[in-house]
Amino acid sequence: MFFDNPLLKNWNTPYKIAPFDEIKDDHFSEALEKALAEELREIQAISDNPNPATFTNTILAILKSGKLLNRVLSVFYTLVSADANEQREKLMMEFSPKLAVHSSTITSNEKLFNRIQDLFNRIDSLNLSAEEKRLLEKIYQDFVRAGAALSDKNKEAMKEIQERLSTLGTKFSQNLLADERSWFLELEEKDEACLPDFLIKAAQKAAEEKGVSKPIINLSRSLIIPFLQFSPNRELRKKAQEAWASRGEHGEETDNRPIARETLALRRQMANLLGYTNFAEFKLETEMAKKPENVESLLLQVWKYAKERAQKDQNILAEYMANDGISDDFYPWDWLYYSEKRRQKEHELNEEEVKSYFSLDQMVEAAFYCANKLFGLSFQPVSLPLYHKDCKAWEVTKNGEKIALFIGDYFARSSKRSGAWCSAFQSQAKFPVSQKPIVLNVCNFAKGSPTLLSFDDARTLFHEFGHALHQILSNVTYEPLSGTSVSRDFVELPSQLFEHWLTVPEVLKRFAVHYKTKSPISEKLMERLIGASNYDMGYQTVEYTSSALVDLYFHLEDTEKDVMELQNEILSKIGLPEAIKMRHATPHFAHVFSGGYYAAAYYSYMWSEVMDADAFSAFEELDNPFDANLAKSLEDNILSKGNSLDPEIAYKRFRGSLPKVDALLRGRGLI
Ligand SMILES: [Zn+2]
332 MFFDNPLLKN WNTPYKIAPF DEIKDDHFSE ALEKALAEEL REIQAISDNP NPATFTNTIL
392 AILKSGKLLN RVLSVFYTLV SADANEQREK LMMEFSPKLA VHSSTITSNE KLFNRIQDLF
452 NRIDSLNLSA EEKRLLEKIY QDFVRAGAAL SDKNKEAMKE IQERLSTLGT KFSQNLLADE
512 RSWFLELEEK DEACLPDFLI KAAQKAAEEK GVSKPIINLS RSLIIPFLQF SPNRELRKKA
572 QEAWASRGEH GEETDNRPIA RETLALRRQM ANLLGYTNFA EFKLETEMAK KPENVESLLL
632 QVWKYAKERA QKDQNILAEY MANDGISDDF YPWDWLYYSE KRRQKEHELN EEEVKSYFSL
692 DQMVEAAFYC ANKLFGLSFQ PVSLPLYHKD CKAWEVTKNG EKIALFIGDY FARSSKRSGA
752 WCSAFQSQAK FPVSQKPIVL NVCNFAKGSP TLLSFDDART LFHEFGHALH QILSNVTYEP
812 LSGTSVSRDF VELPSQLFEH WLTVPEVLKR FAVHYKTKSP ISEKLMERLI GASNYDMGYQ
872 TVEYTSSALV DLYFHLEDTE KDVMELQNEI LSKIGLPEAI KMRHATPHFA HVFSGGYYAA
932 AYYSYMWSEV MDADAFSAFE ELDNPFDANL AKSLEDNILS KGNSLDPEIA YKRFRGSLPK
992 VDALLRGRGL I
């Protein structure tokens, strides 16, 4: 039908990026069908090869297969998450179970698996390089964990589970997006009057997009959080906070609770089929943490200190509330408001004042500057047709050589999923041909003119850029081992580590420049900002750790209980303070239920944080955040290695030994 389907043609574009100006939504269906069929043919040819298995005719042949599918999917997944529309969502709903069946068809190909197993059994006699060995181990492990070694009957069961799980994951995301899209709060003049300028402007922009006349607060993080910080109207705060906290549990069509429950049950069945007691045990086997006990031990150690701190803070905030003449109990919708008041008083930090020093453009430049000083990278803006007019692209060079393309898609819009993430249209590899990374950072900053960021937003920008560096600096041979394809509890190390450079005085002095007066941030404001960087850490740690514990216990439990009942049981067992909610309650815990990536692995951020706190200390010990030798060691041992090296070995090569939890507790100011 589509003779000229641009998704199926060769892309003669710079960096072989997708020709977004030619691609129409109608092209995807045909392209996906063809790409699926092509990969099955390629796989068939490998498994039917009459010659005995060799590394080249089996493992490297697998790597050469599915290229078309990867290409089409990288475009499609980006569009459906960063710029969804009805047609794209429908396609996603239609294709996600098909894709799950497709993967199962490959992993359950017995002849193919026999070849892989045969090679794996003689791995030491194959004369492989360290990276080749790791590749073979990974492919073997992926097949086994997908059920390749199961009996035919169990393989069939596994296939059905995978198919259903992927449908559930897609539905979960779509329900959440629907809830986030539909809710908004119109601001009356009297409510507007007490809000800072930046928030009113952002609320006006949101109203424009929605086509309503009064400014609105919607469920974009960059609107709802400042609203909860600044609105003195307690009734409205309650309304807003409850809408934010109840995403995904509005009953009817978009209710995510039954989905979460079914997902947990299916994951448990899947783990049992593969011979594990529960899903957490299965999941953690290939992570740095290895066992659920190790995760629990880290989280509970931190939990104890975080709760103590949060309780002390709550008592202080309750006094602020009492001084306002309110004698009610202290509720979740009171926390951010009084915390902001306290922050202004104790640290003399005013969000509006701070934001005027953090324009988006300056912060992007700041991230580039650090990447240049640390790793010699340069960024040149380039003009390319991209998938949305808000996207910007930069060509990345090192020693004069083009090494990557970086794309920033920074503004919130209703077609975008919430949160921030880093993905790639193409990851770095040298086999079968050299392939340069095309990396994408997606954020949800409220658009303004200019766009001003909160300090937290700026931190998010640095975080995602840290992931991007992990991709850009990757220097491996095989794509499955490249860039961010490391274990989940290691993947947040480069991103969280990079956040530290935002608070380096040299960086702030240079880039935190007032958007109107162009004067750099004052020494005093900078000190106050850095001094307050651990402000309200009890609250933040409790919010996060309670979510991580619920995720872990969910995947350890063997029960058919209602998820909300189970969630509440876990929360009361660990003693979540009543004035704090989980950062992500179950019905909108997309990390865990939109797909399996962070399932039983939400703890990963904290696991990585133990390392990032310790890794940045290495620079502090030398009293030079840009120490050239240390930056080189970071690049050589960690950022360029992807998953070609065991993460524990990689870290030890950089730092000598693995850190202890104290590094994190000190970093968060909890001890
Ligand atoms: Zn991250």
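Residue numbers (the working numbering): 332 to 1002. Glycine residues also receive a C-beta, built at the ideal position from the N, C-alpha and C atoms.
{"Check": "Can you find at least 3 beta carbon pairs, one from the stretch 594-613 and one from the stretch 911-919, that sit closer than 8 angstroms?", "Outcome": "no"}
{"Check": "What does the Cβ neighbour count give for valine 894, buried or exposed, with the cut at 16 atoms within 10 Å?", "Outcome": "buried"}
{"Check": "Label serine 813 either buried or exposed according to how many other C-beta atoms from any shown protein chain fall within 10 Å of its C-beta, with 16 as the threshold for buried.", "Outcome": "buried"}
{"Check": "Please list the terminal residues of the continuous alpha helix (DSSP H) segment that includes phenylalanine 762.", "Outcome": "Taken as a continuous stretch (DSSP letters only), phenylalanine 762 belongs to no alpha helix (DSSP H), as it is neither H nor E."}
{"Check": "Given a cut-off of 8 angstroms on the beta-carbon distance, is the pair glutamate 966 and leucine 804 in contact?", "Outcome": "yes"}
{"Check": "Candidates Ser504, Lys723 and Thr438: which alpha carbon is nearest glutamate 487's?", "Outcome": "Thr438"}
{"Check": "Have a look at phenylalanine 333 and glutamate 425 and give me their C-alpha separation to the nearest angstrom.", "Outcome": "Bear in mind that a pLDDT of 49 at phenylalanine 333, under 50, signals an unreliable position, so the number given afterwards is only what the model happens to contain. Phenylalanine 333 and glutamate 425: Cα-Cα distance of roughly 20 angstroms."}
{"Check": "Count Cβ pairs between the stretch 846-858 and the stretch 711-725 that sit closer than 8 angstroms; are there 3 or more?", "Outcome": "no"}
{"Check": "Could you tell me if the beta carbon of glutamate 823 falls within a distance shorter than 7 angstroms of some heavy atom in ligand 1?", "Outcome": "yes"}
{"Check": "Please confirm if the stretch 785-803 is in contact with the stretch 827-836, defined as three or more CB-CB distances below 8 angstroms between the two stretches.", "Outcome": "yes"}
{"Check": "Are alanine 534 and isoleucine 548 close, meaning C-beta to C-beta below 8 angstroms?", "Outcome": "yes"}
{"Check": "Give the straight-line distance between the Cα atoms of aspartate 945 and alanine 509, rounded to the nearest whole angstrom.", "Outcome": "41 angstroms"}
{"Check": "Tell me the rounded alpha-carbon separation between lysine 484 and glutamate 441.", "Outcome": "13 angstroms"}
{"Check": "Where asparagine 343 and methionine 423 are concerned, what is the direct C-alpha to C-alpha distance, given to the nearest angstrom?", "Outcome": "27 angstroms"}
{"Check": "Quick one: residues in its chain with C-beta nearer than 6 angstroms to the C-beta of glutamine 448, no 5 flanking neighbours on either side, listed in chain order?", "Outcome": "none"}
{"Check": "Using the C-alpha atoms, what's the distance from isoleucine 769 back to isoleucine 348?", "Outcome": "8 angstroms"}
{"Check": "So, helix, strand or coil for proline 729, using DSSP?", "Outcome": "Correcting the residue type first, residue 729 is lysine in the shown sequence and not proline. It is a strand residue."}
{"Check": "If I follow the unbroken beta strand (DSSP E) through alanine 306, where does it start and stop?", "Outcome": "With the chain covering only 332 through 1002, there is no way to say anything about residue 306."}
{"Check": "Please name the residue, chosen from Ala571, Leu507 and Glu854, that lies closest to phenylalanine 924 on a Cα-to-Cα basis.", "Outcome": "Leu507"}
{"Check": "Mind reading off the beta-carbon distance from leucine 291 to serine 754? Whole number of angstroms is fine, and I expect it under 8 angstroms.", "Outcome": "Since the first residue of the chain shown is 332 and the last is 1002, residue 291 is not available in this structure."}
{"Check": "Which class does serine 670 belong to by DSSP, given the choice of helix, strand or coil?", "Outcome": "helix"}
{"Check": "If you count every other CB in all the chains shown that lies within 10 Å of the CB of serine 780, and 16 or more means buried, which is it?", "Outcome": "exposed"}
{"Check": "Tell me which same chain residues have a C-beta within less than 8 angstroms of the C-beta of glycine 906, skipping the five on either side of it?", "Outcome": "Lys638"}
{"Check": "Against chain C, with Cβ distances strictly below 8 angstroms, would proline 337 count as a contact?", "Outcome": "Among the protein chains of the structure shown there is no chain C, as only one such chain exists."}
{"Check": "Helix, strand or coil for aspartate 586? Go by DSSP, reduced to three states.", "Outcome": "coil"}
{"Check": "With distances taken from CA atoms, which of Asp473, Phe561, Thr608 and His922 is nearest alanine 751?", "Outcome": "His922"}
{"Check": "Measuring only the C-alpha atoms, how far is glutamine 642 from lysine 972?", "Outcome": "42 angstroms"}
{"Check": "I need the DSSP call for phenylalanine 924, collapsed to helix, strand or coil.", "Outcome": "helix"}
{"Check": "For threonine 791, tell me which candidate among Thr834, Lys340 and Pro811 has the shortest Cα-Cα distance.", "Outcome": "Thr834"}
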